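Residue numbers (our numbering), protein chains in the order written: chain H, 71 to 541; chain D, 71 to 541.
Each residue gets a CB set at the ideal place from its N, CA and C atoms; glycine is no exception.
This structure is a prediction, so every number in the text was calculated from the model and none was measured.
Structure first, then comments.
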């Protein structure tokens, strides 16, 4: 089979070196990272890693895999934390990183077209030199690729103003599981049947492989204002964010960190028990000043809230993508995980309280748990939990503690009517909860999967749980 | 079969009276309206009209239709101008208007849940009494139903600020062609696999029937400013709108009417050859003033532009949904049609010129043709053509002139890389162009159709052309 693939793609594009296979046997899934750190690796080695040089190469690999019924796992930057790109069985890993070209910058229509393997941070740096931005800044910006961000329904740190990946991507090219290439567009906006781009936002490689995309870009904003505030409680802060959104403001950044995170990262600015609210307004000339002043007045209405000036936001901007601490903990055998959920405003404060209480009650190995809200909508917001626990130093112990954390958070989120995933996706970690998340829409997703991938070879076990792969 | 349906739904819910069948044999498709007006009707009478009283009734009808392989045509307000709800063959017409309940108003999370047969104008009036709006105001607001607006990917007159129907609807319930009921949500925002709501926005009844939806609502805005300007040419006006969007402004209304429309509706304000630009800014306190002042400065940069004060916008607000003139012309045998396309900024002025020139050259029966741009994006805008022609007074003559108008506009739009439909949908009128509109995505749509509607009974000939209904 390896020889067949080599004759299809060229020998140098099909890798079987043990180090390459090992590196592509996992992504940034903490479960596997901790197991590897304590010498209790349980990842599956891929059969081979292929590096397509073109959309046609991707199509050739998918046609081959469908014909031979061999699983294929698309692999982007490997920044996913849910095991979505970790092969669950002997698979071809399809590494997209060689498809990293910028195809076209269109300054008149404010778009840039790129191949799916383009690292978003590299694209942003290139755009910034020319006075533009995509407005999309996930924490993984330095390694995540455009195709992976599409496949997982990414959200960026400035999403409250700029929207999420489905707002950023106007047009995309994808290879379907049978090897056919489709290009789907909604540009500038269409009413020509269902907007089929959405089959690929969040498909996690289970319905096809994104190979190129047209992204909207923005000129760098004319105005920007930063402001931080100490807020007496999460409940006060969440009510404030709801009111801000209700009034029609859209601060690019609106982050409410709970007292644990406030003390950990902004201890010099806040007092014990206080939350911190980071606000960044930007837009056309005069807009940031107007919005910032309005938000300042709204904060002033909260008894016990205090202005902290812009410095905490500056600190956050500088350190926001630093994940070295995560890797240090994980390397020492500590399970650190980030679990993003979302809920309506009416329940989100209760969900915050209940989730932390349940974690403390049901996970004896828990070291710390905290959360922030950072992506606001008129209807609700996300909660981004950061959880650390000290599991026993063997594979099963890590599994047990890992799943006890997830079971607690998913159960409490669903009990409050929230969604189990705001922007990280489903991967393998959440697949067992997808059926209850989607309810009556779950069989519809399975029908679409069977229609597009009858042999069930596309990323088995990711998104749809493994026992649901069969027609 | 009628008896079977009566035993399923109750006798009074299955109608076969000739007047009812005749009324439901067409929607607002000008082709059929003009044919009917000159006594050359060519519509197909439905087999019967059913009026489901519940989602379960809709499911029962679809199960019945699938089992008997009888076509089903969902029928909302009948405001569609493309024949999308006009049966192409002996069909069951599924009239949704009895499903018109308001299910829940959630003021804390700013949502309202309604059944699909709710007339949007009635909902808006009900919301306005309580201080809210959906921000969605299509011209058909007085008759169009929520389900129909979803099924055709509606845009409202304030879309530049509030977005289109896919931004308005957070969660929907639909009955699939096999009778199964699904509820699909993206609330407040999810990363749980593909956002399957999008299978139903624009499905035009070909993939299922929407039965309920949760819409976002907004408190009535705190600030509003109106301003109109005379603009020397469409090219100047389109460049201005591009710059406004580029800077990050989002005027709720930004309508640029060409000299023909300006003279027709605002003749007292403009001089011959001038365009008129209508702007309406609204938002939180202070926002409308800031945006309106910025836009005023931008207009001042155009040589020959003149401020006209707010009155033309007030006039537009008062008369914007008055379609009596359309019906008067159509009743007299004149073909009047509204044809909405869209394109990138870089080509839209050329498209405007070329489209009018081609209509004049290729449609000898043309009386008048004009256009306005009214839904702006950072990447481009729509062009809404209004065309009148005097066909011969017989069925074939009307057909010939009708299709010559459409062929001209669709051909020129596609030659400029535009989309053939901004917000009216495809219906039957545009179905022959859907394959070239979607390109490589067309076979994907057909696969989805076959997966969900194997017998091909859902609204045959609408969206997908008739010869594409078979598996």
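| said: Taking contact to mean 3 or more Cβ pairs, one atom from each stretch, closer than 8 Å, check whether the segment 519-534 of chain D and the segment 273-285 of chain D are in contact. | reply: yes
| request: Return the chain-ordered list of same chain residues with a C-beta closer than 8 Å to the C-beta of residue 116(D), the five sequence neighbours on each side being excluded. | output: 91, 94, 95, 143, 157, 160, 161, 162, 163
| For residue 270(H), the residue or residues it bridges with in DSSP | Answer is none; residue 270(H) lacks a bridge partner.
| Shorter than 7 Å from the beta carbon of residue 172(H) to some beta carbon of chain D? | no
| field | the segment 258-273 of chain D: positions lying closer than 9 Å to chain H by Cβ | value | 258, 259, 260, 261, 262, 263, 264, 265, 266, 267, 268, 269, 270, 271, 272, 273
| query | Ordered along the chain, which non-local residues of its own chain (more than five positions away) have a Cβ less than 7 Å from that of residue 422(H)? | reply | 304, 441, 453
| Does the beta-carbon of residue 353(H) have 16 or more other beta-carbons within 10 angstroms, so that it is buried, or is it exposed? | buried
| What are the start and end residues of each continuous beta strand (DSSP E) run of 3 or more residues lying completely inside the segment 337-390 of chain H, in chain order? | Runs found: 345-353, 376-379.
| said: Suppose only complete runs of 4+ residues qualify. What are the alpha helix (DSSP H) ranges in the segment 88-164 of chain D, listed by chain order? | reply: 88-93, 100-107, 125-138
| said: Which of the three DSSP states is assigned to residue 407(D) in this structure? | reply: strand
| said: Closest to residue 411(D) by C-alpha separation, out of 375(D), 478(D), 362(D), would be which residue? | reply: 478(D)
| Whose C-alpha, out of 364(D), 476(D), 105(D), 214(D), is nearest the C-alpha of residue 557(D)? | As shown, chain D starts at 71 and ends at 541. That puts residue 557(D) outside it, with no answer to give.
| field | Proximity of residue 147(D) and residue 215(D) at Cβ, strictly below 7 Å | value | Closer than 7 Å, so yes.
| message | So residue 202(D) contacts chain H; which residues on that side make the cut at Cβ distance below 7 Å? | response | Per Cβ cutoff of 7 Å: no residues; residue 202(D) is ~11 Å from chain H at best.
| request: Specify whether the segment 260-267 of chain H and the segment 500-518 of chain D touch according to this definition: at least 3 beta carbon pairs, one from each stretch, less than 8 Å apart. | output: yes
| What residues from chain H crowd round residue 114(D), counting only those whose CB sits closer than 8 Å? | What residue 114(D) touches in chain H: nothing, since even the nearest Cβ is about 23 Å away.
| Is residue 416(H) closer than 7 Å to residue 391(D) when the C-beta atoms are compared? | no
| query | Between the segment 435-453 of chain H and chain D, which residues of the former have a C-beta closer than 8 Å to a C-beta of the latter? | reply | 445, 447, 448, 449, 450, 451, 452
| residue 511(H) at chain D interface by Cβ criterion, 7 Å | yes
| task | Would you tell me roughly how many angstroms separate the C-alpha atoms of residue 385(D) and residue 379(D), rounded to the nearest one? | result | 12 Å
| What does a CB cutoff of less than 6 Å around residue 351(H) pick up in its chain, not counting 5 residues either side in sequence? | Same-chain partners within the cutoff: 295, 321, 358, 361, 362.
| Spatial distance of residue 248(D) from residue 514(H) (CA atoms) | Straight-line Cα distance between these residues: approximately 11 Å.
| task | Let me know the secondary structure DSSP gives residue 396(H) once reduced to three states. | result | helix
| What are the residues of the segment 72-98 of chain D that lie near chain H, defined by any Cβ-Cβ distance shorter than 8 Å? | Here the close residues number zero.
| query | Who pairs with residue 452(D) in a beta bridge, going by DSSP? | reply | Paired residue(s): 412(D).
| query | Taking Cβ positions, are residue 129(D) and residue 252(D) nearer each other than 7 Å? | reply | no
| Presumed contact (8 Å Cβ cut-off) between residue 136(H) and residue 403(H), rounded CB distance | At roughly 41 Å, the Cβ-Cβ gap does not stay under 8 Å, so residue 136(H) and residue 403(H) are not in contact.
| field | Segment limits, beta strand (DSSP E) that includes residue 277(D) | value | Note, residue 277(D): premise wrong, no beta strand (DSSP E); not H, not E.
| task | Could you check the C-alpha separation between residue 169(D) and residue 213(D) for me, to the nearest Å? | result | Distance between the alpha carbons of residue 169(D) and residue 213(D) is about 14 Å.
| task | Grab me the residues of residue 298(H)'s own chain with a C-beta within less than 8 Å of its C-beta, minus the 5 sequence neighbours each way, in chain order. | result | 336, 339, 346, 347, 348, 349, 377, 378, 379, 380, 381, 382, 383
| message | Going by DSSP in three states, residue 477(H) sits in which element: helix, strand or coil? | response | Correct three-state label for residue 477(H): helix.
| request: Name the one or two DSSP bridge partners that residue 440(D) has. | output: 456(D)
| message | Any beta carbon from chain H within less than 7 Å of residue 360(D)'s own beta carbon? | response | Yes - at least one Cβ of chain H is within 7 Å of the one on residue 360(D).
| task | Could you name the residues of chain H that residue 289(D) contacts, counting a contact when the two beta carbons are closer than 7 Å? | result | Contact annotation for residue 289(D) against chain H: 316 [CB-CB distance below 7 Å, chain order].
| request: Can you grab the Cα-Cα spacing for the pair residue 399(H) / residue 105(H), in whole Å? | output: 13 Å
| field | CA nearest to the CA of residue 371(H), picked from 230(H), 302(H), 437(H) | value | 302(H)
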